[in-house]
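Novice:
Residue numbers (the UniProt record's numbering): 1 to 444.
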């Protein structure tokens, strides 16, 4: 499917960071680690043939109820129905509160620092919207709210059994465990929630067991995560940027991650340790870097993208993703028994191998048009169970001729004359020129 003009597919790895999660094949330790400060990467969107499903956005004119939260001038004794009578906190609209949110309700958060009271958790559990009328909590246009959990309670935002809730446009920080915990409840699964334009950081700060940016656990299905950055996960036993987990037959899956970034997590960037292989997740245009340390001495497994966790896991796809400067693997199959697919991915300067295909998958994993360079121990590990087509290691490419190997606008992009240009195989996705290029970035 060639395109007739050259353009950039992804401008997403300009500057990248680290992330980590334990309890998934390795035990974290504490040691002194010196790490440079990572800048937040810039990202632009690349469309695979599988088009992005645009979630419904409720027009305030069509909302059932519209509420406002102003941390500086509001009061929880107000009605909350206008900027002049805004609430001070989200407490009045939480589960089992006076103005408990329902389908079609919209909450606008004003800019400024929102300090949590009481146990510190924003409880959105059991709240259910619909596909046509989701519950929406988002920034007031033109403003940037910062929710400071201030190490109170457990999770920053709890969403147990929640359905069709949309969270957009705010920052969430300083959390003991998970920034956002989206899991099943006793009443049923969590499903069909949307997380967009969020920055979640400094989670896992007070719990040695876990602490992820966003955690989908158990019967938690069909969530959409776009333009979310998760960084500085500090739990020594399991801090990932984005985590999919569960136990027994209660596994999570059917998620879509787009243009997300994970860095400086003590364990992994993206950890799909207990992902449901019958509900594979899609990861598109995402970046994971400098995971395996939180930058403050806590360390873990150190993979960029971990796509499984042993028997009856896997079935996921990474498309045009980038992993670099992680302490272990860039992309790790981690013993998954159901095949994962890695298309147009770039793995650069990770501590061990660029790609690891451990696990007895049937059929084989798939790796196509991907690129690995300058990884500590080589391009691939245990490549006997992968259908490898037109990757840099198949073609014995010694130097992809990147424009830059330090972060910046041309970081990991190909230069004219690169042996990776037009070297790939047509996989049914858009490309430029005579054939697809290798790696995450099409040459322009």
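Cβ atoms here follow ideal geometry from the backbone N, Cα and C, with glycine treated the same way. Note that this is a predicted model, so its numbers are computed, not measured.
1) Let me know if residue 373 comes out buried or exposed under the rule of 16 or more other beta-carbons within 10 Å of its beta-carbon.
2) Label residue 134 either buried or exposed according to how many other C-beta atoms from any shown protein chain fall within 10 Å of its C-beta, with 16 as the threshold for buried.
3) Look at residue 281 and residue 312 and say whether their C-beta atoms are less than 8 Å apart.
4) In the DSSP output, which residue or residues are listed as bridge partners for residue 262?
5) The beta strand (DSSP E) with residue 201 in it runs from where to where?
6) What span of residues does the beta strand (DSSP E) with residue 91 cover, start to end?
7) Can you round the beta-carbon distance between residue 328 and residue 350 to whole angstroms, since I take them to be within the 8 Å contact cut?
8) Measure from the alpha carbon of residue 172 to the alpha carbon of each residue in 250, 318, 120, then state which is nearest.
9) So the candidates are 124, 218, 209; which of them puts its Cα closest to the Cα of residue 267?
10) Roughly how many angstroms lie between the CA atoms of residue 142 and residue 110, to the nearest whole one?
11) Which one of 426, 437, 163 has the shortest CA to CA distance from residue 415?
12) Per DSSP, residue 414 is paired with what?
13) Suppose the cutoff is 8 Å on Cβ atoms and the five residues either side in sequence are ignored; what does the same chain contact list for residue 425 look like?
14) Whole angstroms are fine: how far does the CA of residue 247 sit from the CA of residue 188?
15) In angstroms, rounded to a whole number, what distance separates the CA positions of residue 446 and residue 366?
16) Cβ of residue 348 within 8 Å of Cβ of residue 412?
17) Could you please give me the residues that DSSP links to residue 447 through a beta bridge?
18) What's the C-alpha gap between residue 76 and residue 326?
19) What would DSSP say about residue 55, mapped onto helix, strand or coil?
20) Curious, which full-length alpha helix (DSSP H) runs of at least 4 residues does the region 292-353 contain?
21) Could you check where the beta strand (DSSP E) with residue 151 kicks off and where it finishes?
22) Which first and last residues belong to the beta strand (DSSP E) in which residue 373 is found?
23) Assign residue 320 to one of two classes, buried (16 or more other C-beta atoms within 10 Å of its C-beta) or exposed (fewer than that).
24) Spell out the partners DSSP gives residue 215 in its beta bridges.
25) Reducing DSSP to helix, strand and coil, say where residue 430 ends up.
26) Identify the residues that DSSP records as bridge partners of residue 163: which are they?
27) Quick check on the burial criterion: 16 or more other C-beta atoms within 10 angstroms. Buried or exposed for residue 306?
28) Nearest CA to the CA of residue 63: which residue from 287, 153, 324, 101?
29) Quick one, which of 322, 315, 249 has its alpha-carbon nearest residue 259's?
30) Whole angstroms are fine: how far does the CA of residue 225 sit from the CA of residue 98?
31) For residue 151, count neighbouring Cβ atoms within 10 angstroms of its own Cβ and tell me buried if that reaches 16, exposed if not.
32) By the 10 Å Cβ neighbour count, where 16 or more other Cβ atoms means buried, how is residue 439 classified, buried or exposed?
33) In terms of residues, what are the limits of the beta strand (DSSP E) holding residue 365?
34) Under the three-state reduction of DSSP, which class applies to residue 267: helix, strand or coil?
35) With distances taken between CB atoms, is the gap from residue 217 to residue 179 smaller than 8 Å?
36) Quick one: is residue 181 buried, meaning 16 or more other Cβ sit within 10 Å of its Cβ, or exposed?
Specialist: Reading it off the structure:
1) buried
2) buried
3) no
4) 230, 288
5) 194-203
6) It is not in any beta strand (DSSP E) - residue 91 carries neither H nor E in the DSSP assignment.
7) 7 Å
8) 120
9) 209
10) 9 Å
11) 437
12) 402
13) 368, 369, 389, 390, 435, 436
14) 16 Å
15) Because the chain in this structure spans residues 1 to 444, residue 446 falls outside the shown range and cannot be described.
16) yes
17) With the chain represented from 1 up to 444, any question about residue 447 goes unanswered, as that position is not in the structure.
18) 45 Å
19) coil
20) none
21) Residue 151 -> no beta strand (DSSP E), and no H or E assigned at all.
22) 371-373
23) buried
24) 181, 243
25) coil
26) 128, 191
27) buried
28) 101
29) 322
30) 30 Å
31) exposed
32) buried
33) 365-368
34) coil
35) no
36) buried
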